[in-house]
Structure formats: structure tokens, C-alpha cells
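Just so you know, we're using this note's numbering here: the sequence shown kicks off at 30 and counts up by one.
Worksheet for the structure shown next.
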Amino acid sequence: MALTSAGMVVRDKWPRPGGGARWRTRVDLRWDDIAGLGFDYGSHDSVVSLWAVSPHGEQRQHIVDARSFTRDQWDELGRSTSALTGGRLTIDLAKLDHPGTARDS
């Protein structure tokens with residue numbers, strides 16, 4: 030995951046036949062394309078995940094599973110997101126441990 034002044038990019042490592050791997054961009058969002066960030070459960074399992082909500086009411090987008098980072102990394106992600114968006118977007122890390130629904134985050 031990379032955060033810049035323009036937005037966020039998430040890449041996943043995919044194995045290649047015969048060995049090796051390649052990186053595939055799964056999320057590429059500009060900050061203006063995100064109305065909110067929140068924690069909720071995935072649609073098919075009980076893993077808490079970070080989701081982005083579009084300002085246009087479109088379907089939310091899965092960003093990353095909560096198990097992907099240590100608590101310190103989540104703290105850094107929260108600080109960086111707030112700083113890069115001038116405080117417009119924040120991540121309520123209390124919801125990481127006790128998520129409600131996307132509407133609550």
C-alpha cells in the first residue's frame with residue numbers, strides 16, 4: 030500500500046506459473062474519489078477490513094484486511110491519511126477492534 034498527496038494505491042503479489050511473481054494494482058483511488066474510510070467485515074468471512082466509500086453512492090471498495098498490518102502500521106496509516114487529506118479523511122482505529130457497519134465508521 031502506498032499513500033501519496035494524490036491518493037492511495039494497493040498492489041497485490043500474484044504468483045506466476047513456473048515460479049516468480051508479479052505485482053497487480055488492485056486499488057488506485059484519488060482522495061477526491063473517497064467520501065469516507067471505515068472498518069467492516071468482509072462479505073464472505075469474519076475478517077475485519079478497511080473499506081473506502083465513494084462520494085457518488087457507488088458500492089464501497091475493499092482496501093485491505095485488518096490482519097495485513099501491525100497496530101503501529103495502522104497508527105501510521107491513520108496519521109498519514111489524515112495529514113495527506115488535510116484532515117478531511119480520518120480512520121477511527123477504535124473501529125478496528127470493534128467494527129459496527131460501514132455506516133457506523
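Glycine included, each C-beta is placed from N, C-alpha and C at the ideal position.
Everything numeric in this text was worked out from a predicted model, so none of it was measured.
query, result
"What are the start and end residues of the beta strand (DSSP E) that includes serine 78?", "77-82"
"Roughly how many angstroms separate the alpha carbons of aspartate 133 and glycine 48, rounded to a whole number?", "Residue placement at aspartate 133 is flagged as unreliable, the pLDDT there being 42, under the threshold of 50; the coordinate-derived value follows with that caveat. Going by the C-alpha atoms only, they are around 43 Å apart."
"Excluding the 5 residues flanking histidine 127 on each side, which residues of the same chain have their C-beta closer than 8 Å to its C-beta?", "none"
"Does the Cβ of alanine 112 have 16 or more other Cβ atoms within 10 Å, making it buried, or fewer, making it exposed?", "exposed"
"Opposite glycine 36 in the DSSP bridges: which residues?", "Arg59"
"Can you find the residues in the same chain that come closer than 6 Å, C-beta to C-beta, to alanine 31, ignoring five residues on each side of it along the sequence?", "Val38"
"Label tryptophan 80 either buried or exposed according to how many other C-beta atoms from any shown protein chain fall within 10 Å of its C-beta, with 16 as the threshold for buried.", "buried"
"For glycine 71, I'd like the list of residues in its chain whose CB is within less than 6 Å of its CB, leaving aside the five on either flank, ordered along the chain.", "Ser78"
"Mind checking whether glycine 36 and isoleucine 63 have CB atoms under 9 Å apart?", "yes"
"Using only the alpha-carbon positions, how far apart do phenylalanine 98 and threonine 119 sit?", "17 Å"
"Take lysine 124 as the anchor and find which of Thr114, Gly115, Arg117 and Asp104 has the nearest alpha-carbon.", "Asp104"
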